[in-house]
Amino acid sequence: MSRNNALISSVSVPTGRLQPEDSSSLACDGDGTSGKRVQVLFIHAPERDRYAEYLPYFKKWAADADKIFNASAAETGGVRHIRYVTEPNCSVSVLNVSVPAKTLEDFDATNRFLAHQGLNRLDRKYMIFADSRMYCGIGSFSNDDRPGPENRNNYGPSYGRTDFECWSGYAAAHELAHNLGAVNNSAPHSSKGGHCFDEWDIMCYEDGGLQNMQVMCPEGSRDGYLDCNHDDYYNTAPEPGSYLATHWNIADNQFLIADSSRLAPVSPLDDQSDSGGHFCIQPSFPSKSFERVQELVWIQRTSSASRMRLT
Ligand SMILES: [Zn+2]
C-alpha cells in the first residue's frame, strides 16, 4: 500500500449559513454498503463518548458535505453525490469508535489503530469526526495526477479527519476532497502543498507554500464551493484538451455518484446548522509554522486553540 501524504488544514469556514443551502437530500445508492463508499466515523477517548449527543449533527454535517459536492458539480452542469455507507433507512451510517486518548493525539497513530480494527478497506474512505482538539482538519492525499481509474485516489483506505473545533460539513468536505485527490501539484493554481491559491474555494488557503493568494472568484457567492473556475481539480464537464480533461479530476472519483435518481430526504436540523456547528476561522495572520518533514508532507503543530476561535 502506498503511503499517503497527510495535509493538515486550517480551513476557513464561512461564518454565515452554509452557502449551498438549497437541496436537502443525499444519494442513497444500492444496498448502502457494497462497492466504494465513504464511511463516517466518530472517534473519541474511551472515557468520553458523546455519540448519542452528536449523532444527528454528524449526519447533518455529512449531508452538508454532500451538498457542497453536488452544488459545486452543478456549476459545471453535473450531478455528484458522495457515496456514503448508508443505513437501511437511507441515513448516513456513523460508526462509533473508541480510541485510546494518547493515540487520538496523532493522526498517523490513530489511523494505524483504526486499521487494526479493520477500518482500512480498499473500498472505503473514512470521514472522521474526532472528539479531540489536536487539529482543525487533516486528511490523507495522494499526489497522483494521472487520469483514469488506476489513479491512487480511486482507492482506500483514506482518512479525512475533522476535530471538535472545526466540526462542520465544510471542513469534512475539505478533507474528503483531499482524500479524493485534490489538489495535485501540477494543477494550474496549485499551492504545491495540496491546496490552491485562486480564491474563493474550499480548497484554497495560504498553506505555507510560496504562492500568494489571488481572488479569481468572488467571495460570498462561492466560498462554500469547490474549485474556483473548475480548472484545478473538480469539473464534471472539462473542455477537451484542458488540464482537467488530461489530468486527474476528482469529479471522476469512483467514490462519488453521478446520479441523482435515488435521493433520500435528510432529517432536518436545518435551522440549527449554525447553532450546532463549531466553526473555526482562518487566522488573520498567515500560517508560517509549516515544517516540511518529507516530500509533500506538511506538518503544522501549533495548538489548535491559538489558531482558531469559535463563533
Ligand atoms: Zn487541506
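Using my numbering, the first residue of the sequence shown is number 1083, and each one after it goes up by one.
We treat Cβ as the ideally placed atom computed from N, Cα and C, and that holds for glycine.
Please read these numbers as outputs of a predicted model, since none were measured by experiment.
Excluding residues up to 5 positions away in sequence, T1158 lie with their Cβ nearer than 6 Å to the Cβ of H1312 in the same chain.
Shown here, G1251 sits in a helix according to DSSP, grouped into three states. Non-local C-beta neighbours of K1207 in its own chain, meaning closer than 6 Å and more than five positions away in sequence, comprise V1120, G1238, S1240, N1261 and F1337, ordered along the chain. Here the distance from the Cβ of G1323 to the nearest heavy atom of ligand 1 is not below 8 Å. Rounded to the nearest whole angstrom, the C-alpha separation of S1214 and I1220 is 12 Å.
Within its own chain, the residues whose Cβ lies closer than 6 Å to the Cβ of G1114, once the five positions on either side in sequence are excluded, are T1168, listed in chain order. In the structure shown, A1127 falls within a coil segment according to DSSP collapsed to helix, strand and coil. Sequence-distant partners of V1297 (beyond 5 residues in either direction) whose C-beta falls short of 6 Å from its own C-beta, in its chain, are E1281. Within its own chain, the residues whose Cβ lies closer than 7 Å to the Cβ of D1205, once the five positions on either side in sequence are excluded, are G1117, K1118, R1119 and G1238, listed in chain order. By the criterion of at least three beta-carbon pairs nearer than 8 Å, the segment 1228-1236 is not in contact with the segment 1126-1140.
Cβ atoms of D1314 and S1272 come within 8 Å of each other, at about 7 Å. In this structure, DSSP gives N1335 a state outside helix and strand, which the three-state scheme calls coil. Annotation for Y1136: no residue places its beta carbon closer than 6 Å to its own, counting only its chain and skipping 5 residues before and after.
Assigned with DSSP and collapsed to three states, E1321 falls in coil, not helix or strand. Beta-carbon to beta-carbon, I1284 and G1306 are separated by about 7 Å, close enough to satisfy the 8 Å threshold.
Taking non-hydrogen atoms of ligand 1 into account, the C-beta of D1289 is found less than 8 Å away from one of them. In this structure, G1242 sits near L1258, with a CB-CB distance shorter than 9 Å. Here the alpha carbon of Y1287 sits roughly 21 Å from the alpha carbon of D1148. Residue state for A1264 is assigned as coil, using DSSP reduced to three classes. Taking C-beta separations shorter than 6 Å and ignoring five residues to either side along the sequence, D1190 has no partners in its chain. Sequence-distant Cβ neighbours of L1308 in its own chain, meaning closer than 6 Å and more than five residues away, are S1154, I1284 and Y1316. In this structure, M1285 has its beta carbon less than 8 Å from a heavy atom of ligand 1. Relative to ligand 1, the beta carbon of H1329 is positioned no closer than 8 Å to any heavy atom. I1284 sits in coil when the DSSP states are folded into three classes, being neither helix nor strand. Proximity of the beta carbon of G1221 to ligand 1 is indicated: a heavy atom of the ligand is located closer than 8 Å. Between the alpha carbons of L1123 and L1177 lies a distance of about 5 Å. Between W1330 and W1249, the beta carbon gap of about 29 Å keeps them out of contact (Cβ cut-off 8 Å).
In this chain, the alpha helix (DSSP H) harbouring R1194 covers F1189 to H1198.
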